[in-house]
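Protein chains in written order, with the numbering used here: chain A, -10 to 100; chain B, 328 to 439.
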Amino acid sequence: DQQVKQNSPSLSVQEGRISILNCDYTNSMFDYFLWYKKYPAEGPTFLISISSIKDKNEDGRFTVFLNKSAKHLSLHIVPSQPGDSAVYFCAAPNTGNQFYFGTGTSLTVIP
Amino acid sequence: EAQVTQNPRYLITVTGKKLTVTCSQNMNHEYMSWYRQDPGLGLRQIYYSMNVEVTDKGDVPEGYKVSRKEKRNFPLILESPSPNQTSLYFCASWRGGNTEAFFGQGTRLTVV
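The following block contains the structure:
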């Protein structure tokens, strides 16, 4: 059972515009969410996180929004840059400290 | 520098020949885990460990073994590899609680 879902396998955006990546989860016990970025031939690297006591967390061009009632989070990248082209995974640890990952969204930023 | 180190980065082997992929972390993290990444399936957890000598199955443990004899090391063992274990493997470690996990660079395994 996929506890964290990313329904869009890919997304293309023009440079300078906003990229919005979405993630849904099914486990209402999750209270912490993370986004990871992955370039080819590299391991995933941590990008930004949000605690369930917040509905927004910002770090430079990256903002994560959390809607607990909808069990939905999104990552906004503004403005998008060609170097942002990568696969993005959302993730959540459960109370047993297992990390669950979505299937990833491949973002392409077109110059 | 805080890091998770996997070796080897690339490996081609034949069906049935036992192999071990090593993973080491220098952050004194309690938790470690192995994932495999396959197209369209994202990162699926194979095994994880909560501390030395404490391990448990993840979502796809069949055909794999692990051990955690020391806190820093968490090797992944394929006793009799099969072609369906051809994949990209990642090791990760984290402190536990609401903190981020750190990943190794990955091991591209091909079983022929």
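The beta-carbon is built from N, C-alpha and C at its ideal position, and this holds for glycine as well.
Run through chain B and tell me which residues come within less than 8 Å of threonine 92/A, C-beta to C-beta.
Gly367, Leu368, Gly369
Using a C-beta to C-beta distance shorter than 8 Å, which residues of chain B count as neighbours of phenylalanine 51/A?
Near phenylalanine 51/A there are no residues of chain B at all, since even the closest Cβ is about 14 Å away, more than 8 Å.
For the region 418 to 438 of chain B, enumerate the residues whose C-beta is nearer than 9 Å to any C-beta of chain A, in chain order.
Cys418, Ala419, Trp421, Gly423, Gly424, Asn425, Thr426, Glu427, Ala428, Phe429, Phe430, Gly431, Gln432, Gly433, Arg435
Would methionine 18/A be called buried (16 or more neighbouring beta carbons within 10 Å of its own) or exposed?
exposed
Go ahead and label glycine 423/B buried or exposed: buried means 16 or more other beta carbons lie within 10 angstroms of its beta carbon, across all protein chains shown.
exposed
According to the neighbour-count rule (16 or more other Cβ atoms, all chains shown, within 10 Å of its Cβ), is glycine 431/B buried or exposed?
buried
In the structure shown, what three-state DSSP assignment does proline 82/A receive?
strand
Which residues, in chain order, does the region 62 to 84 of chain A contribute to contact with chain B at a C-beta distance below 8 Å?
Phe78, Ala80, Pro82
Any contact of the region 13 to 28 of chain A with the region 80 to 92 of chain A, i.e. 3+ C-beta pairs under 8 Å?
yes
Under 7 Å between beta-carbons, which chain B residues line up against tyrosine 21/A? List them in chain order, please.
Asn425
Taking the CB atoms as reference points, tell me whether serine 407/B and glycine 390/B lie closer together than 9 Å.
yes
Are the C-beta atoms of serine 414/B and some chain A residue less than 9 Å apart?
Answer no: the Cβ-Cβ gap between serine 414/B and chain A never drops below 9 Å.
What residue ranges within the region 12 to 46 of chain A form continuous beta strand (DSSP E) runs of no fewer than 3 residues, ordered along the chain?
If we require 3 residues or more, the beta strand (DSSP E) runs fully inside the region 12 to 46 of chain A come out as 21 to 27, 34 to 40.
Express the C-alpha separation of alanine 30/A and tyrosine 337/B in angstroms, rounding to a whole number.
10 Å
How far does the beta strand (DSSP E) with isoleucine 7/A in it extend, from its first residue to its last?
Looking at the DSSP string, isoleucine 7/A is not in any beta strand (DSSP E), and its letter there is neither H nor E.
Taking only the alpha-carbon atoms, compute the straight-line gap between glycine 5/A and glutamine 70/A and give it to the nearest angstrom.
6 Å
Can you tell me whether alanine 329/B is buried or exposed? The criterion is at least 16 other CB atoms within 10 Å of its CB, across all chains shown.
exposed
Could you name the residues of chain A that tyrosine 358/B contacts, counting a contact when the two beta carbons are closer than 7 Å?
Asn86
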